[in-house]
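Undergrad: Here it is: the structure, laid out below.
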Amino acid sequence: MYSAVRKNKVNTVLILVFFILIIGGLGALAAWIYQSWTIAIVVVVIAAAYALIQYFAASAEALALSGAREIQKADDPRLWRIVENLSITTGTPMPRVFIIDDPAPNAFATGRDPKHAAVAATTGLLDMMEDTELEGVMAHELGHVRNYDIRVSMIVFGLVVAVGMIADLLVQLAFWGRGRNNNNPVVLIFGLVALIVAPLLAAIVQAAISRQREYLADATGALTTRYPEGLARALEKLQTYGRPMAKQTTSMAHMWISDPSRPGFMARLFATHPPIEARVERLRHMEGSF
């Protein structure tokens, strides 16, 4: 587990470097087409600044996009008590607790480290889960906090959002930009490639975050509660009764405990979550070890 935590810390740095290199490369290509290396310099500076901003701001951005509202103990004593007890058990700082008004059952954790973490659950999850099942889900999310998965997820979230913005900008430059290169077919091809490749690149980056991250959080949660069956039953309910969420973005798909969009076949090729059946099987295999 400790090696996984170290790996996630290293992955954060690598993702940031990868992000700057990709954006810098796109800037250099645009500079070559428009014959102005100032563009490349500006893009790299903006990318570096954006990466720094995302490190501190992506958590709040994810919570806002999901429609989460922060609660105190009096607002939902059951959820608060479960998160508080799990935090005490694991010695983890009490995270901020949020509820999302959505009938689709789901949950996620975010933040840059355990001292700046937040967990969120939908009203659908709270209504559907028994106490042991809800405890399993929250233990899973706190597992992401303890393993520093939240930091990796947060950076990937910012990266995916940035790639989408850059793709849109490049397409606009290609088709509606002014200047003597506006009619150059290379520029038009560049714009089309950017439109197609950039979202694909974002999906690949999301999928590149190891599926072992989910398996590790499942195992961490089961070790915390000492009751793997609770999380296993919760996952089965998510598979059976899960539905698309009202507020969903592809950039956040990897952050939820269950995919919020019910992806089709092609989307499953880039899935960041392992199959629920495999996760349940592993959890039930752990049952005999307690």
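Residues in the sequence shown are numbered from 980 upward in steps of one, following the working numbering.
Ideal Cβ positions, reconstructed from N, Cα and C, are used throughout, including at glycine.
The structure presented is a predicted model; accordingly, all values stated were derived computationally and were not measured.
Would Arg1206 be called buried (16 or more neighbouring beta carbons within 10 Å of its own) or exposed?
TA: In the sequence as presented, Arg is not what sits at residue 1206; that position holds Tyr. Burial call: buried.
Undergrad: Who are the near neighbours of Lys1052 in its chain, counting only those whose CB is closer than 7 Å to its CB and skipping five residues on each side?
TA: Taken in chain order, the residues that qualify are Trp1059.
Undergrad: Identify, in the order they occur along the chain, each residue of the same chain with its Cβ nearer than 8 Å to the Cβ of Ile1061, setting aside the five sequence neighbours on each side.
TA: Answer for Ile1061: Asp1110, Leu1113, Glu1114, Met1117, listed in chain order.
Undergrad: Excluding the five sequence neighbours on either side, which residues of its own chain have a C-beta within less than 8 Å of the C-beta of Lys1094, listed in chain order?
TA: The answer, listed in chain order, is Pro1072.
Undergrad: Would you tell me roughly how many angstroms separate the C-alpha atoms of Trp1011 and Leu1005, rounded to the nearest one?
TA: Taking the straight line from one Cα to the other gives about 10 Å.
Undergrad: Would you say Phe1035 and Met1234 are within 7 Å of each other, going by their C-beta atoms?
TA: Contact: no.
Undergrad: In this structure, how does DSSP classify Arg1205 when only helix, strand and coil are distinguished?
TA: The answer is coil: DSSP assigns Arg1205 none of H, G, I, E or B.
Undergrad: Leaving aside the five residues before and after Val943 along the sequence, list all residues of the same chain whose C-beta is less than 8 Å from its C-beta, in chain order.
TA: In the structure as shown, the chain starts at 980 and stops at 1269, and residue 943 therefore has no counterpart that could be examined.
Undergrad: From the DSSP output, read off the bridge partner residues of Phe1077.
TA: Phe1077 pairs with Glu1049, Ala1099.
Undergrad: Using only CA atoms, which one of Ile1001, Ala1043, Val989, Ala1039 lies nearest to Ile1025?
TA: Measuring from the Cα of Ile1025, the nearest candidate turns out to be Ile1001.
Undergrad: Which residue marks the beginning of the beta strand (DSSP E) containing Gly1090, and which one marks its end?
TA: Run containing Gly1090: 1086 to 1090, per the beta strand (DSSP E) assignment.
Undergrad: When DSSP labels each residue in this structure, what does Trp1016 get in the three-state scheme?
TA: DSSP places Trp1016 in coil when its eight states are reduced to three.
Undergrad: Out of Ala1213, Met1265, Val1023, Ala1039, point me to the one whose CA is closest to Thr1199's CA.
TA: The candidate whose alpha carbon is nearest that of Thr1199 is Met1265.
Undergrad: With which residues is Trp1235 paired in a DSSP beta bridge?
TA: DSSP, once it has assigned bridges, lists Phe1087 as partnering Trp1235.
Undergrad: What's the call for Gln1151, buried or exposed, on a 16-neighbour Cβ count within 10 Å?
TA: It counts as exposed.
Undergrad: So does the region 1212 to 1227 actually touch the region 1063 to 1070, counting three or more Cβ pairs closer than 8 Å?
TA: No, the region 1212 to 1227 does not touch the region 1063 to 1070.
Undergrad: Measure the alpha-carbon distance for Ala1096 versus Val1172 and round it to whole angstroms.
TA: So the two alpha carbons sit approximately 38 Å from each other.
Undergrad: For Asn1064 and Pro1056, I'd like the C-alpha separation in whole angstroms.
TA: Cα-Cα distance, rounded: 12 Å.
Undergrad: Would you identify the three-state DSSP class for His1252, choosing helix, strand or coil?
TA: The answer is coil: DSSP assigns His1252 none of H, G, I, E or B.
Undergrad: Compare the C-alpha of Arg1258 against each of Met1224, Gly1209, Thr1228 and name the closest.
TA: Of the candidates Met1224, Gly1209, Thr1228, the one whose C-alpha sits nearest the C-alpha of Arg1258 is Gly1209.
Undergrad: Give the straight-line distance between the Cα atoms of Ala1246 and Asp1238, rounded to the nearest whole angstrom.
TA: The predicted model places Ala1246 with a pLDDT of 48, which falls under 50 and marks its position as unreliable, so this point remains unresolved.
Undergrad: Is the beta carbon of Thr1089 less than 7 Å from the beta carbon of Ala1041?
TA: Yes.
Undergrad: Return the CA-CA distance between Pro1223 and Ala1019, expressed in angstroms with no decimal places.
TA: In a straight line, the C-alpha of Pro1223 is about 40 Å away from that of Ala1019.
Undergrad: Using the Cα positions of Phe1077 and Glu1120, report the straight-line distance between them to the nearest angstrom.
TA: Approximately 13 Å between the Cα atoms of the pair.
Undergrad: Measuring straight from C-alpha to C-alpha, what distance separates Pro1253 and Asn1126?
TA: Roughly 18 Å separates the two Cα atoms.
Undergrad: Starting from Ala1225, trace the alpha helix (DSSP H) in both directions and tell me its first and last residue.
TA: Neither: Ala1225 is in no alpha helix (DSSP H) and is coded neither H nor E.
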